[in-house]
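Asks: Got a structure for you, written out below as structure tokens; questions coming shortly.
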Amino acid sequence: MYTTIVSLDTVKDTMAIHIKDIDDLKVKLAEAGDKLVVIDFMATWCGPCKMIGPKLEEMATEMSDEIVVLKVDVDECEDIATEYNINSMPTFVFIKNSKKIEEFSGANVDKLRNTILKLK
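Numbering (the UniProt record's numbering), first residue to last: 1 to 120.
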């Protein structure tokens with residue numbers, strides 16, 4: 001018999017919400033109210049997505065009163081990726097009051113943080 005010991009330091013609650021389908025996205029956008037919504041269009045096989053993902057989750061936790069972070073796996077939710085015309089990953093779409101206000105592609109942590117700080 002094996003026992004696994006996990007340190008509580010390694011278990012993190014993430015504030016990023018994984019979107020299941022288009023209906024889930026619509027509900028989460030409505031629930032966000034006037035908070036800034038950051039949609040992270042990513043893929044599990046995408047190296048840059050894996051690099052910036054934890055940084056975005058840190059920002060989501062740090063600014064949870066002001067932003068909502070939604071993660072959309074483009075392979076699981078092709079219809080959403082098509083609707084938002086996503087051609088590369090990661091792509092970040094910024095929405096406020098149900099309106100798209102900005103978008104950029106690339107795993108640039110400084111640009112992501114600065115864009116969030118500017119728009120929130």
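Every residue, glycine too, gets a C-beta built ideally from N, C-alpha and C.
To the nearest angstrom, report how far apart residue 88 and residue 107 are at their CA atoms.
Replies: So the alpha carbons of these two residues sit roughly 11 Å apart.
Asks: Beta-carbon within less than 7 Å of residue 73's beta-carbon, same chain only, minus the 5 sequence neighbours each way: which residues are those?
Replies: The answer, listed in chain order, is 42, 43 and 44.
Asks: Can you tell me where the alpha helix (DSSP H) with residue 57 in it begins and where it stops?
Replies: That run of the alpha helix (DSSP H) goes 47-62.
Asks: Mapping the DSSP letters down to three states, classify residue 74 as helix, strand or coil.
Replies: Of the three classes helix, strand and coil, the one that applies to residue 74 here is coil, per DSSP.
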